[in-house]
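Heads up: take any position in the sequence shown, counting from 1, add 1, and you land on the working numbering. Backbone N, C-alpha and C define an ideal beta-carbon position, used for all residues, glycine too. This report refers to the structure that appears directly beneath it.
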Amino acid sequence: MSNVLDAIELTRKEALLALEKVGDVETLEKIRIEFLGAKGRMTEHMRSLGSLPKDERPAAGQAANQAREEISAAHRRAAESLKQASRRSQALDVTLPGRKPPRGSSHILNRTMDEICQVFAKLGFSIVEGPEIETDYYNFEALNFPADHPARDMQDSLFVGDKLLLRTHTSPVQIRTMEKRKPPLWIVVPGRTFRRDDDITHSPVFSQVEGLVVDKGITMADLKGVLSAFASSFFSPETTIRLRPSFFPFTEPSAEVDIACVLCGGKGCRLCKGSGWLELLGSGMVDPALYDFVGYDPNEVSGFAFGIGVDRAAMLKYGLSDIRHLYQGDLRFLRQF
Ligand code: PHE
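If you want it as structure tokens, here you go:
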């Protein structure tokens with residue numbers, strides 16, 4: 002009798018000692034197999050109970066069951082503490098490469114807008130902004146679009162109320178600024194604009210940077226000088242411009258400004274459809290009729306204005322094929338810049 006009980010007690014002590022010292026999962030598994038496995042020492046003890054004299058069996062059985070439970074419990078504790086230790090050591094593993102949180106970056110369109118404004122800031126322009134919901138008065142009337150004049154059809158408007166619309170261009174900020182300030186004025190106006198338009202080169206929401214200069218003795222040569230400085234600074238030093246006669250109700254004379262094709266440099270290619278030139282912006286000398294609306298004296302001052310299509314500028318500078326990418330927020334597209 003005492004032999005069996007002694008043997009069980011020895012197994013129990015050895016197992017508990019081994020489990021107390023265990024430092025890794027491989028050893029833990031070896032201990033489990035040695036003591037608790039199907040061919041392990043506790044199983045052996047259980048089996049040997051059958052060959053004991055009948056009166057010794059209950060005490061030996063009880064001792065074996067108790068030892069087995071104790072060893073199992075110690076095994077569970079050891080497994081749990083190894084797991085926790087490994088978690089802790091993972092958290093402290095300073096040799097692992099750092100995890101980078103995803104970082105945002107400025108949108109290609111905002112960046113282009115900033116780049117454009119930067120060029121003009123260096124030329125002495127200051128930045129002004131205006132509302133995206135505009136009144137008919139600022140968007141059209143004070144810009145010399147007479148009521149019911151066909152020129153209003155040039156810009157497919159989105160009305161949001163009676164005489165209230167999403168501005169079709171940034172030009173209303175010309176009037177708002179002139180109303181508030183006296184010349185000299187050298188301003189650029191970045192902002193969103195809206196028209197009923199939707200194809201690969203037109204988006205219902207698009208962006209412009211308006212420019213307005215009103216000062217003493219401003220001529221068309223100033224307009225050309227400023228815009229050619231802009232083109233060579235924003236695109237490349239070799240980029241030249243040309244002016245073509247055009248019409249806007251608020252400028253007279255008016256000019257469409259083209260830049261030499263950014264792809265072929267003017268020789269003619271698919272991008273410029275063989276012409277060597279790419280359309281970039283509308284411009285002109287401020288029509289003196291506007292000065293009446295804001296109380297400037299046309300005998301004292303003169304000026305020029307321009308409106309740059311920011312989307313088009315971005316498409317040409319970064320070689321984009323579809324303007325709508327700029328407004329769809331697809332990260333696969335945006336991450337390329
Ligand atoms: N506002 C005009 C447009 O959106 C562009 C423009 C601005 C033309 C300033 C002349 C002067 O088409």
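Between the CA atoms of N66 and A8 - distance to the nearest angstrom: As a position in the sequence shown, residue 8 is number 7, starting the count at 1. As a position in the sequence shown, residue 66 is number 65, starting the count at 1. Taking the straight line from one Cα to the other gives about 14 Å.
Residue from G310, L53, E45, A64 whose Cα sits closest to the Cα of R193: The count along the sequence shown starts at 1 and reaches residue 193 at position 192. Residue G310 is the option with its Cα nearest to R193.
Segment contact, 8 Å Cβ cut-off, at least three pairs: the segment 215-228 with the segment 194-201: No, because fewer than three Cβ pairs between the segment 215-228 and the segment 194-201 fall closer than 8 Å, the two stretches do not touch.
A306 beta carbon near the ligand PHE (any heavy atom closer than 7 Å): Your numbering for residue 306 matches position 305 in the sequence shown. Flag set: Cβ of A306 near the ligand PHE.
Between the CA atoms of P246 and W278 - distance to the nearest angstrom: To locate residue 278, count along the sequence shown from 1; it is residue 277. To locate residue 246, count along the sequence shown from 1; it is residue 245. So the alpha carbons of these two residues sit roughly 15 Å apart.
Neighbour-count burial assignment, Q329, 16 or more Cβ in a 10 Å radius: By one-based count along the sequence shown, residue 329 stands at place 328. Looking at its Cβ environment, which holds fewer than 16 other Cβ atoms inside 10 Å, Q329 is exposed.
Residues near T202 by beta carbon distance below 6 Å, same chain, minus five either side: Mapped onto the sequence shown, residue 202 falls at position 201. Closer than 6 Å at Cβ, skipping near neighbours: I324.
Buried or exposed (CB count within 10 angstroms, at least 16 for buried), L97: Position 96 of the sequence shown, counted from the first residue, corresponds to residue 97. Under this definition L97 is an exposed residue.
Beta carbon of I188 nearer than 8 Å to that of V263: What you label residue 188 is simply residue 187 of the sequence shown in a count that begins at 1. What you label residue 263 is simply residue 262 of the sequence shown in a count that begins at 1. No, these two residues do not count as a Cβ contact at 8 Å.
Same chain only: Cβ atoms within 6 Å of V214, ignoring 5 sequence neighbours per side: Within the sequence shown, the letter at position 213 stands for residue 214. W187, G304, F305.
L213 - DSSP class collapsed to helix/strand/coil: Position 212 of the sequence shown holds residue 213. Here L213 sits in strand by DSSP.
Beta-bridge pairing of D200 - partner residues as DSSP gives them: The sequence position of residue 200 within the sequence shown is 199, counting from 1. D200 is bridged to H203.
The ligand PHE heavy atom lying under 7 Å from the CB of T252: As a first step, residue 252 is located in the sequence shown; it is residue number 251 there, counting from the start. Yes, the beta carbon of T252 sits closer than 7 Å to at least one heavy atom of the ligand PHE.
Heavy atom of the ligand PHE within 7 Å of H170 beta-carbon: Here residue 170 is taken as the residue at index 169 of the sequence shown, counted from 1. H170: yes, Cβ under 7 Å from the ligand PHE.
Buried or exposed (CB count within 10 angstroms, at least 16 for buried), P191: One-based indexing of the sequence shown puts residue 191 at position 190. P191 comes out buried.
Contact the segment 127-142 vs the segment 162-174: 3+ CB pairs below 8 Å: Under the three-pair Cβ rule at 8 Å, the segment 127-142 counts as touching the segment 162-174.
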